[in-house]
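Residue 881 in our numbering sits at position 175 of the sequence shown, with consecutive numbering throughout. Below is one structure, written out as structure tokens, with a few remarks after it.
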Amino acid sequence: MERFRGLSSDVSHVPSTLHGQLFLLAFDPKQGGFSRHDSTLFGLALGAAMLTELYLTGYLVEREGRPVPGKAASPGDQILHSAFAQVGVHNRATWAQLIAGHHGCAISAVRNQLIAEGWLRNGRLAMMAIPDAGLEPHDASRVGALADEVADALRNAIAGKPAEPWLLACGLLAVLAQLPGLAGFVAAADRQRLQELAVDAIAPVSGLAEVIAGRPA
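Following this line, the structure appears as structure tokens:
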């Protein structure tokens, strides 16, 4: 399962975590910053990304439709460690319930981690009084390469071809969160098929789709 840690080829120089990569896909290349978005939805998606990584790397497994620890050890990443600690051996919450109940601090936690690790920096919009608008990726071209890799995985899945699970999960989470990094792809994609893929995806991604479906219109 550790083969899912990080990406290959041109996007190897992005955060190794799924939540870090998803945060970067919130960057709007047209506006040159992190634009306004549904912060609740974004927080839910980041929380789902944490659970998805824990699932893909074997720290969490599914038992009777509910996540439970699959390893005794905790992940080294502090954010993933905190997410993992919320799931007990006798957990009774579904993926959707876990995502809905533990997302409040996700945005600030991931943002602060990416700033501390040097993936984000203050940009030309730093003086504007819009949360995150003053931040930009240290290298926007790497974010573009990540978006391309993710979009390719989504295209393969839509066409019924094999798609790398990590990239596919990242793409579906970004689509569900309506992140601008994939806006161009979504505009030209089969949206009905994307929705079907999200609902039938690996458990934490399907859990996010369930949470979104239950939100007030």
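All C-beta atoms in this analysis are idealised placements derived from N, C-alpha and C, irrespective of residue type, glycine included. Note that the coordinates shown come from a computational prediction; the quantities given were computed from them, not determined experimentally.
{"Query": "Using beta carbons (cut-off 8 Å, strictly below), is L841 in contact with chain B?", "Result": "Absent here is chain B; the protein component of the structure consists of one chain."}
{"Query": "List the endpoints of the continuous beta strand (DSSP E) containing P843.", "Result": "841-843"}
{"Query": "Sort L860, A822, D858 by Cα distance to H844 and report the nearest one.", "Result": "A822"}
{"Query": "How many angstroms separate the CA atom of A835 from the CA atom of K777?", "Result": "Residue placement at A835 is flagged as unreliable, the pLDDT there being 43, under the threshold of 50; the coordinate-derived value follows with that caveat. For A835 and K777, the distance between alpha carbons rounds to 43 Å."}
{"Query": "Counting only runs of 4+ residues fully inside the segment 728-789, write out the alpha helix (DSSP H) ranges in chain order.", "Result": "745-762"}
{"Query": "Give the straight-line distance between the Cα atoms of T746 and F891, rounded to the nearest whole angstrom.", "Result": "23 Å"}
{"Query": "If you compare alpha carbons, which of Q803, A802, H808 is closest to A791?", "Result": "H808"}
{"Query": "If you count every other CB in all the chains shown that lies within 10 Å of the CB of A755, and 16 or more means buried, which is it?", "Result": "buried"}
{"Query": "Check the C-beta distance from I813 over to G749 and give it rounded, since I have them as a contact under 8 Å.", "Result": "5 Å"}
{"Query": "Looking at L888: is its Cβ nearer than 8 Å to the Cβ of V881?", "Result": "yes"}
{"Query": "Closest by CA to A907, which one among A732, C811, L762?", "Result": "L762"}
{"Query": "Within 10 Å of its beta-carbon, does Q898 have 16 or more other beta-carbons around it, so buried, or fewer, so exposed?", "Result": "exposed"}
{"Query": "The beta strand (DSSP E) spanning N828 covers which residue range?", "Result": "826-828"}
{"Query": "Would you say L757 and A806 are within 8 Å of each other, going by their C-beta atoms?", "Result": "no"}
{"Query": "Am I right that A875 and V911 are in contact with their C-beta atoms under 8 Å? What's the rounded C-beta distance?", "Result": "6 Å"}
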